[in-house]
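A.B. asks: Dropping a structure here in structure tokens format, bear with me for questions.
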Amino acid sequence: MNQFQSRPLNFPWPPLFYIAACVVGFAIEARVPSPPGFHLTILAPISGWAFITMAVSLDIWAVKTLADRDTAVMPMKCASYLVTCGPYRFTRNPTYLAYTLLLIGVGLVAGSAWVMIGAIVAAALTTYLAIRPEEFHLLSRFGFEFERYCHGTRRWL
């Protein structure tokens, strides 16, 4: 099987990275609490809920956009169409961005800096272990069209 026919990932790692980051963040929080001023402000939970709302909305929009174009939603399946509309006009990875925003929002609502740090670690792992293989897959499937898309659209924001 050549790269054109192969799947970008063999396992959906990104959701596991973010779940693990959340669990580990709360475990560290139980042992080493965040600085006291971090969760005393009323702006943290309000901002957190705003991040959570944005994350859920972005994820729904991204999945709906992929489904409307009849292409793979799950990263273990081969892409049949290069989607560049909807949230994909602004970011090449709206679903992973949504996961990151969700975890940052959870950290703000719970008053846990550790969960927010976990979001950054999960985003880094996702970049190296999921996004790069997916991009290689898309480049092999769509060539110049994907290169042009990459030049006009950022990976995250």
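According to the numbering used here, the residues represented by the sequence shown are -19 to 137, in order. Glycine residues also receive a C-beta, built at the ideal position from the N, C-alpha and C atoms. Owing to the predicted nature of the structure, the values given are computational and were not obtained by experimental measurement.
On a CA-only basis, which of 115, 53, 129, 89 is nearest residue 26? Give me that one, please.
C.D. replies: The option with the nearest alpha carbon to residue 26 is 89.
A.B. asks: Apart from the five residues just before and just after residue 80, which ones in its own chain have a Cβ nearer than 6 Å to its Cβ?
C.D. replies: So the qualifying residues of the chain are 99, 103.
A.B. asks: Please work out which residues of its chain come closer than 6 Å, Cβ to Cβ, to residue 72, disregarding the five sequence neighbours upstream and downstream, and give them in chain order.
C.D. replies: Cβ neighbours of residue 72 beyond the five flanking positions: 133, 135.
A.B. asks: Between the region 25 to 40 and the region 103 to 120, do three or more beta carbon pairs fall short of 8 Å?
C.D. replies: Not touching, per the Cβ criterion.
A.B. asks: Report the start-end ranges of each alpha helix (DSSP H) in the region 1 to 62 that is 4 residues or longer and not cut off at the edges.
C.D. replies: If we require 4 residues or more, the alpha helix (DSSP H) runs fully inside the region 1 to 62 come out as 23 to 48.
A.B. asks: Buried or exposed, going by whether 16 or more other CB atoms sit within 10 Å of the CB of residue 92?
C.D. replies: Result: buried.
A.B. asks: From residue 67 to residue 21, what distance separates their C-alpha atoms?
C.D. replies: Cα to Cα, the separation comes out at about 32 Å.
A.B. asks: Give the secondary structure of residue 133 by DSSP, where H, G and I count as helix, E and B as strand, and everything else as coil.
C.D. replies: Coil.
A.B. asks: Starting from the N-terminal side, write out each stretch of the alpha helix (DSSP H) that is 4 residues or longer and does not extend beyond the region 103 to 127.
C.D. replies: Runs found: 112 to 122.
A.B. asks: Helix, strand or coil: how does DSSP classify residue 91 here?
C.D. replies: DSSP places residue 91 in coil when its eight states are reduced to three.
A.B. asks: Using CA coordinates, which residue listed in 110, 52, 83, -9 is at the minimum distance from residue 0?
C.D. replies: The shortest C-alpha separation from residue 0 is found at 83.
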